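Participant:
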Amino acid sequence: MAFLEIDRLHKRYGATEILKGIDLDLDQGGFLVLVGPSGCGKSTLLNTIAGLEQITGGEIRLEGRKINDLHPSRRDIAMVFQSYALYPTMSIKDNIGFGLEMRKVPKAEREAAIARVAKTLQIEHLLQRRPSQLSGGQRQRVAMGRALVRNPRLFLFDEPLSNLDAKLRVDMRTEIKRLHQQTGTTIVYVTHDQIEAMTLATKIAVLKDGKLQQVGTPAEIYNRPDNLFVADFMGSPSMNLMAGTVRASGNGAMIQLAQREGSIALQIPPSVTARDLPPEKKVIFGIRPEAITDIDGADRHASQLQTIEGRVDVIEPAGSDTYVVTQLGGKEVIARMRAEASLKVGDLVPFAFNLDKALLFDPETGYRL
Amino acid sequence: MSVDAGSAAISARGPRIIIYGLLILFAVFYLLPLYVMLVTSLKPLSEIQSGNMLQLPQAPSFYAWEKAWGAACIGVTCEGLKGFFWNSIRMVVPAVTISTILGALNGYVLTKWKFRGHKLIFGLMLFGCFIPFQVVLVPMAQVLGRLGLASSTPGLVLVHIVYGLGFTTLFFRNFYVAFPDELVRAAMMDGAGFFRIFWRILLPASLPIIVVTVIYQFTNIWNDFLFGASFTSGDAAPMTVALNNLVSSSTGVKEYNVDMAAALIAALPTLLVYVVAGRYFVRGLMAGAVKG
Ligand SMILES: Nc1ncnc2c1ncn2[C@@H]1O[C@H](COP(=O)(O)OP(=O)(O)OP(=O)(O)O)[C@@H](O)[C@H]1O
Ligand SMILES: [Mg+2]
Chain A
1 MAFLEIDRLH
11 KRYGATEILK
21 GIDLDLDQGG
31 FLVLVGPSGC
41 GKSTLLNTIA
51 GLEQITGGEI
61 RLEGRKINDL
71 HPSRRDIAMV
81 FQSYALYPTM
91 SIKDNIGFGL
101 EMRKVPKAER
111 EAAIARVAKT
121 LQIEHLLQRR
131 PSQLSGGQRQ
141 RVAMGRALVR
151 NPRLFLFDEP
161 LSNLDAKLRV
171 DMRTEIKRLH
181 QQTGTTIVYV
191 THDQIEAMTL
201 ATKIAVLKDG
211 KLQQVGTPAE
221 IYNRPDNLFV
231 ADFMGSPSMN
241 LMAGTVRASG
251 NGAMIQLAQR
261 EGSIALQIPP
271 SVTARDLPPE
281 KKVIFGIRPE
291 AITDIDGADR
301 HASQLQTIEG
311 RVDVIEPAGS
321 DTYVVTQLGG
331 KEVIARMRAE
341 ASLKVGDLVP
351 FAFNLDKALL
361 FDPETGYRL
Chain B
1 MSVDAGSAAI
11 SARGPRIIIY
21 GLLILFAVFY
31 LLPLYVMLVT
41 SLKPLSEIQS
51 GNMLQLPQAP
61 SFYAWEKAWG
71 AACIGVTCEG
81 LKGFFWNSIR
91 MVVPAVTIST
101 ILGALNGYVL
111 TKWKFRGHKL
121 IFGLMLFGCF
131 IPFQVVLVPM
141 AQVLGRLGLA
151 SSTPGLVLVH
161 IVYGLGFTTL
171 FFRNFYVAFP
181 DELVRAAMMD
191 GAGFFRIFWR
201 ILLPASLPII
211 VVTVIYQFTN
221 IWNDFLFGAS
231 FTSGDAAPMT
241 VALNNLVSSS
251 TGVKEYNVDM
261 AAALIAALPT
271 LLVYVVAGRY
281 FVRGLMAGAV
291 KG
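One line per chain: the protein sequences are A and B, in this order. By UniProt numbering, the letter at position 288 of the first sequence is numbered 288, and the numbering carries on one by one without gaps. By UniProt numbering, the letter at position 98 of the second sequence is numbered 98, and the numbering carries on one by one without gaps.
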């Protein structure tokens with residue numbers, strides 16, 4: 001039995017169904033990240049766990065107990081809101097202590113708890129101020145402090161970093177991760193930033209239009225996306241997805257991809273589990289930019305490496321690496337080469353494909369083959 | 001460059017002088033009656049009958065004020081306005097307090113605890129704001145009679161609360177609509193209930209709108225004549241009704257100085273409320289337009 005269990009959860013507003021049967025579970029101490037495009041129902045799912053939204057069907061259990069019908073204040077769940085939602089007329093100290101006060105924790109105990117949390121988050125010097133007198137990052141800390149101080153069974157975060165600038169976001173991300181490792185709390189975290197999802201999660205759930213697309217560890221989601229949506233959504237730059245065709249060849253089958261002039265044939269990636277790939281079947285060949293490199297930069301441990309020639313269309317140096325754009329399967333394909341690789345636009349250069357990391361999808365269903 | 005700046009300053013000064021001139025003119029125009037009332041109330045009767053209305057009093061005295069407060073004849077008794085002044089206070093304080101509190105609660109519920117039909121309820125309350133006083137007189141009198149509150153201060157308080165509720169609800173609803181829902185949700189998760197959230201989260205942030213509502217209600221209720229005249233009688237009448245009786249009871253010579261003093265006494269509390277809270281009034285009306 002998992003710590004948090006969500007069972008066939010449905011939520012509708014009037015006639016529109018927002019969550020269409022969500023099944024999820026999370027072990028104690030886990031860090032579940034919900035990702036998905038805007039409007040897919042992430043906040044709604046989080047709010048139903050918090051009890052801020054009623055559900056229309058299914059069940060939510062925490063430590064084996066059904067909590068669907070429990071009022072938010074009785075669920076022992078804390079939430080950090082996107083807008084931080086600090087009480088504007090109270091001091092920071094009172095903001096943090098409010099939840100304890102409502103739960104009738106004696107004053108001395110409360111003060112001790114506030115002091116402890118303030119120390120952890122390094123906001124001791126801000127305790128007497130008002131929220132309006134803090135910077136964005138400080139407010140963010142206070143919002144986390146308010147959740148932490150109550151020591152709840154479950155933490156919910158709704159895009160807590162989306163209002164911060166890029167630098168601060170990275171810092172706070174690290175901080176949240178550290179906090180999670182230190183305190184071993186159980187967290188459900190919503191974001192539409194897939195880097196946040198990858199770095200923080202022990203488990204990622206990808207949501208689209210109110211339906212779960214895939215649930216798994218960050219590595220599973222990244223390396224073995226179940227369908228085209230997940231493949232495209234996770235990762236930056238995103239996975240190269242090229243239209244190709246299965247062709248019969250001497251010892252089995254190959255995937256033929258159109259180039260600007262002519263075409264190339266790639267071996268079937270070892271990841272493919274489908275038994276029969278009938279000749280002439282249309283497929284989508286997926287491979288991440290870091291699995292297409294220059295020859296010297298290729299992974300030595302790759303069991304199946306194939307080199308093809310391609311013309312360099314665009315070069316984008318990114319400091320540590322250089323992104324090289326070429327064309328394959330009628331689409332722009334991004335490769336990640338070493339910064340040292342000497343390249344010129346218009347050159348015909350070898351691209352090393354690490355087929356261990358390549359995937360095939362069925363263009364009709366979108367599922368991985 | 002400097003020439004340009006100079007001429008610009010001059011050309012800006014021209015309209016400015018006109019604007020300020022006009023403003024001062026209108027201010028004087030509106031203040032003139034108050035001035036006349038004030039000087040008249042300080043003059044003895046002989047000076048009023050002989051002299052110029054605008055002239056300053058030669059021998060200023062508070063005789064008229066004292067008489068208006070404690071000795072002027074209203075109806076058959078000659079004890080001045082003071083009893084009626086307290087009637088008005090006894091009416092206005094509970095009426096303003098209760099209608100403001102109820103308005104705040106209504107606004108809170110209508111924005112943060114929406115229920116099926118909340119729009120309809122609010123619409124009906126708004127509609128109530130537009131019902132003219134005269135229309136409700138007879139049914140109201142009947143209701144007060146049934147309740148046993150006819151011709152009493154509590155009855156009048158009830159009338160003002162009911163009549164003011166539409167306005168106070170409107171004020172608070174529009175204020176709370178802009179209040180972030182996430183704060184309410186956060187407080188809910190922190191374990192606060194309906195009244196705690198209201199008391200600890202919303203109310204402390206509501207000072208501007210409370211001031212607006214209190215001023216509005218205070219002025220309306222204090223200055224009301226129709227309800228006072230309709231639903232009270234004799235000693236229970238509020239200040240406005242007594243003032244009318246004082247001015248219109250014509251036994252002997254007309255004492256203009258006493259009338260003026262009485263009118264000023266009647267206007268004093270509203271003036272006071274504006275002076276004390278006026279700053280917040282303007283701020284409250286602007287609240288929401290500028291994000292604080
Ligand atoms: N009160 C409501 N009534 C009707 N529809 C709603 C309501 N609240 C949300 N929705 C709809 O539910 C869907 C999911 O909303 P939700 O806020 O959960 O999205 P999200 O995944 O959090 O998006 P974002 O990343 O933009 O925050 C949206 O299409 C939204 O329009
Ligand atoms: Mg959201």
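We treat Cβ as the ideally placed atom computed from N, Cα and C, and that holds for glycine. None of the values given here were measured: they were computed from a predicted structure.
To the nearest angstrom, how far is it from the Cα of Pro-204(B) to the Cα of Ala-118(A)?
Facilitator: Computed Cα separation, rounded: 25 Å.
Participant: Who are the neighbours of Ala-205(B) on chain A, taking C-beta pairs under 8 Å?
Facilitator: The contacting residues are Pro-88, Thr-89.
Participant: Does DSSP put Ile-195(A) in a helix, a strand or coil?
Facilitator: In the structure shown, Ile-195(A) sits in a helix (DSSP, three-state: H, G or I).
Participant: Under 8 Å, Cβ to Cβ, is there at least one residue of chain A near Arg-196(B)?
Facilitator: It does; some Cβ of chain A falls within 8 Å.
Participant: If contact is defined by three or more beta carbon pairs under 8 Å, each pair taking one atom from either stretch, is the segment 274-292 of chain A in contact with the segment 347-364 of chain A?
Facilitator: Yes, the segment 347-364 of chain A touches the segment 274-292 of chain A.
Participant: Can you tell me whether Ser-43(A) sits near ligand 2, meaning its C-beta is under 7 Å from at least one heavy atom of the ligand?
Facilitator: It does: the Cβ of Ser-43(A) is within 7 Å (strictly closer) of some heavy atom of ligand 2.
Participant: Between the alpha carbons of Met-1(B) and Pro-15(B), how many angstroms are there, rounded?
Facilitator: Here the model assigns Met-1(B) a pLDDT of 43, short of 50, so the residue's position is not dependable, and the following value carries that caveat. Their Cα atoms are separated by approximately 22 Å.
Participant: Do you know whose CA, among Met-172(A), Ile-123(A), Gly-329(A), Ala-253(A), lies nearest Glu-196(A)'s CA?
Facilitator: Comparing Cα-Cα distances from Glu-196(A) to each of Met-172(A), Ile-123(A), Gly-329(A), Ala-253(A), the minimum goes to Met-172(A).
Participant: Please decide whether Tyr-367(A) counts as near chain B, where near means a Cβ-Cβ distance under 8 Å.
Facilitator: No, Tyr-367(A) lies away from the interface with chain B (no Cβ there is under 8 Å from its Cβ).
Participant: Comparing the CB of Asp-181(B) with every heavy atom of ligand 2, is any distance shorter than 7 Å?
Facilitator: Flag unset: Cβ of Asp-181(B) not near ligand 2.
Participant: Could you please give the first and the last residue of the uninterrupted beta strand (DSSP E) stretch that includes residue 412(A)?
Facilitator: In this structure chain A extends from 1 to 369, so residue 412(A) is not present and cannot be described.
Participant: Would you say Asp-362(A) touches ligand 2, meaning its beta carbon is less than 7 Å from a heavy atom?
Facilitator: Checking the Cβ of Asp-362(A) against ligand 2 gives no.
Participant: Helix, strand or coil: which one does DSSP assign to Asn-151(A)?
Facilitator: In this structure, Asn-151(A) counts as coil in the three-state DSSP scheme.
Participant: Do you know how far the Cα of Pro-154(B) is from the Cα of Gln-134(B)?
Facilitator: Taking the straight line from one Cα to the other gives about 20 Å.
Participant: Using the Cβ count rule (16 or more neighbours within 10 Å means buried), how would you classify Cys-129(B)?
Facilitator: Classification of Cys-129(B): exposed, given that the 10 Å Cβ count is below 16.
Participant: Quick check: is the beta carbon of Phe-361(A) nearer than 8 Å to any beta carbon in chain B?
Facilitator: Judged by the 8 Å Cβ criterion, Phe-361(A) is not in contact with chain B.
Participant: Say the cut is 7 Å; is the CB of Thr-202(A) nearer than that to a heavy atom of ligand 4?
Facilitator: Here the bound small molecules are ligand 1 and ligand 2; ligand 4 is not part of this structure.
Participant: Given that Ser-38(A) touches chain B, what residues does it touch there, using C-beta distances under 9 Å?
Facilitator: Going along chain B, no residue has its Cβ under 9 Å from Ser-38(A), so there is no contact; the nearest lies around 18 Å.
Participant: Can the beta-carbon of Gly-166(B) be found closer than 8 Å to that of Gly-99(A)?
Facilitator: The answer is no: Cβ separation not under 8 Å.
Participant: Taking DSSP as the reference, what is the three-state secondary structure of Thr-77(B)?
Facilitator: Thr-77(B): strand per DSSP, three-state reduction.
Participant: Determine whether the beta carbon atoms of Phe-171(B) and Val-212(B) lie at a separation below 8 Å.
Facilitator: Their beta carbons are under 8 Å apart, which means Phe-171(B) touches Val-212(B) by this criterion.
Participant: Would you be able to state if there are at least three C-beta pairs under 8 Å between the segment 125-138 of chain A and the segment 86-93 of chain A?
Facilitator: Yes, the segment 86-93 of chain A is in contact with the segment 125-138 of chain A.
Participant: Are Ile-55(A) and Leu-4(A) touching if we call contact CB-CB under 8 Å?
Facilitator: Not a contact, by the Cβ cut-off of 8 Å.
Participant: Which residues mark the beginning and the end of the beta strand (DSSP E) in which His-10(A) is found?
Facilitator: Segment 4-13, the beta strand (DSSP E) holding His-10(A).
Participant: Write down the C-beta distance between Ile-49(A) and Leu-156(A) rounded to the nearest angstrom, noting that I regard them as a contact closer than 8 Å.
Facilitator: At roughly 6 Å, the Cβ-Cβ gap stays under 8 Å, so Ile-49(A) and Leu-156(A) are in contact.
Participant: Report whether the distance from the Cβ of Glu-159(A) to the nearest heavy atom of ligand 2 is below 7 Å.
Facilitator: The answer is yes for Glu-159(A).
Participant: So is Leu-52(A) in contact with chain B if we call contact Cβ pairs under 8 Å?
Facilitator: Interface residue, yes.
Participant: Under 8 Å by Cβ, that's how I've got Gly-244(A) and Val-283(A) pegged, so tell me the actual separation to the nearest angstrom.
Facilitator: Yes, they are in contact, since the Cβ atoms of Gly-244(A) and Val-283(A) sit about 5 Å apart, within 8 Å.
Participant: By a C-beta neighbour count over all protein chains shown, 10 Å radius and 16 as the cutoff for buried, is Ile-187(A) buried or exposed?
Facilitator: Buried.
Participant: Buried or exposed: Glu-53(A), going by 16 or more other Cβ atoms within 10 Å of its Cβ?
Facilitator: Buried: at least 16 other Cβ atoms inside 10 Å.
Participant: Does chain B have any CB closer than 8 Å to the CB of Leu-4(A)?
Facilitator: Not one chain B Cβ lies under 8 Å of Leu-4(A).
Participant: Are the C-beta of Phe-155(A) and some C-beta of chain B separated by less than 8 Å?
Facilitator: Not one chain B Cβ lies under 8 Å of Phe-155(A).
Participant: Assuming Leu-156(B) and Phe-231(B) are in contact, meaning their beta carbons sit under 8 Å apart, how far apart are those beta carbons, in whole angstroms?
Facilitator: Right, the Cβ-Cβ distance comes to about 5 Å (below 8 Å), so this counts as a contact.
Participant: Just curious, the alpha helix (DSSP H) that Ala-201(A) is in, first and last residue?
Facilitator: That residue, Ala-201(A), is in no alpha helix (DSSP H); it is neither H nor E in DSSP.
Participant: Should Gly-107(B) and Thr-169(B) be called a contact, given that it needs their Cβ atoms to be closer than 8 Å?
Facilitator: Cβ atoms of Gly-107(B) and Thr-169(B): closer than 8 Å.
Participant: Relative to the C-alpha of Ala-302(A), which residue among Lys-66(A), Ala-352(A), Thr-44(A), Lys-167(A) is closest?
Facilitator: Of the candidates Lys-66(A), Ala-352(A), Thr-44(A), Lys-167(A), the one whose C-alpha sits nearest the C-alpha of Ala-302(A) is Ala-352(A).
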